[in-house]
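Visitor: Heads up, the sequence shown is in the numbering used here, so the first residue is 34 and it goes up one at a time.
Here it is: the structure, laid out below.
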Amino acid sequence: MTAGELQDLLINALVRKAGGSKRDWRAALGPVRVYGTDTHPHCNWSVAPSGSNGENAIIERLLDDFRGRHPLVTGG
Numbered sequence: 034m035t036a037g038e039l040q041d042l043l044i045n046a047l048v049r050k051a052g053g054s055k056r057d058w059r060a061a062l063g064p065v066r067v068y069g070t071d072t073h074p075h076c077n078w079s080v081a082p083s084g085s086n087g088e089n090a091i092i093e094r095l096l097d098d099f100r101g102r103h104p105l106v107t108g109g
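In structure tokens:
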């Protein structure tokens with residue numbers, strides 16, 4: 034899975050869970066940053082949400098689940 038595919042999955046899950054538009058959630062979520070598996074062997078991606086406090090709380094809860102199901106991604 035690529036970083037872009039993961040971002041799309043996250044955004045779709047946020048829309049299903051909390052409503053709103055994909056555009057708004059994409060802005061709140063921000064980009065998926067990918068790190069090398071040599072330095073991050075268990076989960077090589079992260080995001081830095083920049084939405085409201087409520088949006089960020091929803092995002093963080095969802096990220097916990099996604100890190101377990103999709104720990105490693107490729108760039109792109």
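Just so you know, even glycine gets a beta-carbon here, dropped at the ideal spot from N, CA and C.
Confirm, please, whether the CB-CB distance from I44 to L62 is below 8 Å.
Guide: In the sequence shown, counting from the first residue as 1, residue 62 sits at position 29. In the sequence shown, counting from the first residue as 1, residue 44 sits at position 11. Yes; because the gap between Cβ atoms is below 8 Å, this pair is in contact.
Visitor: With distance defined between alpha-carbon atoms, name the residue in K50, R66, D57, R49 nearest to E38.
Guide: Locating residue 38 in the sequence shown gives position 5, counting from the first residue. Among K50, R66, D57, R49, the Cα nearest to that of E38 belongs to R66.
Visitor: Does the stretch 98 to 108 come within contact of the stretch 48 to 60, defined as at least 3 CB pairs closer than 8 Å?
Guide: These segments do not touch.
Visitor: If you scan the stretch 39 to 85 from start to end, which runs of the alpha helix (DSSP H) of 4 or more residues do you find wholly inside it?
Guide: DSSP runs (the alpha helix (DSSP H)) wholly in the stretch 39 to 85: 55 to 62.
Visitor: Would you tell me roughly how many angstroms separate the C-alpha atoms of A46 and G53, rounded to the nearest one?
Guide: Here residue 46 refers to the residue found at position 13 when the sequence shown is read from its first residue. Here residue 53 refers to the residue found at position 20 when the sequence shown is read from its first residue. For A46 and G53, the distance between alpha carbons rounds to 11 Å.
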